[in-house]
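All remarks here apply to the structure that follows.
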Amino acid sequence: MNEILILYILNKSQTTMYGLSKCINKNYGSITKPSFGTLQPALKKLEEKKYIFSSKFYTEGGKPYFYYSVTEEGLSYLKEKLLKNTSLNPTQFISMTKIKIACADILNDTEREEQFKNLKTGLTKLKTEAEQALSENWTKNTYHRLVLNNTVCEYKNLIDLIEELK
135 MNEILILYIL NKSQTTMYGL SKCINKNYGS ITKPSFGTLQ PALKKLEEKK YIFSSKFYTE
195 GGKPYFYYSV TEEGLSYLKE KLLKNTSLNP TQFISMTKIK IACADILNDT EREEQFKNLK
255 TGLTKLKTEA EQALSENWTK NTYHRLVLNN TVCEYKNLID LIEELK
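FYI, in this note's numbering the residues of the sequence shown are 135 to 300.
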């Protein structure tokens, strides 16, 4: 998820790690809030793979800072990550679905259609599993049922969102 956001933001404009963190927190903070301790190794890894590059500058006081930019290889990798099937771990899937939808504007129509189809398939499978759990006799705990009902609604809302975006 962090790689997707980093590459997506850097595709829009070059920035520093601080600027990247600020942008993620402001625009995607309701979904994820990576720390500097998470961003720094992700940036290093992306740079080692030549998906981004950095330009070193110095403050008036002589302290170094870096501006990061995405490369053509990085843009291709971003599209690949957006189109790749997401783990069906429900917690990860919901967050990744939201991020992938939010970043879908960089995909062409065919790629976006493929992405939405894959996301809808995964959401439908997870929604069905939650509905089956609700129908089981052992699910008598009121709180558990409320959580499952809410989960079904969340999947349904994301499916409806994808349908609206098609």
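Built from N, CA and C at the ideal position, the CB exists for glycine as well.
Span separating the alpha-carbon of residue i from that of residue j
i, j, result
"residue 225", "residue 191", "39 Å"
"residue 137", "residue 235", "15 Å"
"residue 165", "residue 158", "9 Å"
"residue 153", "residue 276", "44 Å"
"residue 188", "residue 168", "20 Å"
Limits of the beta strand (DSSP E) - the one that residue i falls within
i, result
"residue 203", "198 to 204"
Range covered by the alpha helix (DSSP H) that runs through residue i
i, result
"residue 155", "151 to 162"
"residue 266", "243 to 269"
"residue 171", "170 to 182"
"residue 138", "136 to 146"
Residue i, DSSP secondary structure in three states
i, result
"residue 190", "strand"
"residue 230", "helix"
"residue 289", "helix"
"residue 296", "helix"
"residue 282", "helix"
"residue 215", "helix"
"residue 235", "helix"
Three Cβ pairs or more, each shorter than 8 Å: is that satisfied between the region 171 to 185 and the region 247 to 259? By the criterion of at least three beta-carbon pairs nearer than 8 Å, the region 171 to 185 is not in contact with the region 247 to 259.
Are there three or more Cβ pairs, one per stretch, closer than 8 Å when the region 190 to 207 is compared with the region 264 to 273? no
Between the region 180 to 199 and the region 214 to 232, do three or more beta carbon pairs fall short of 8 Å? no
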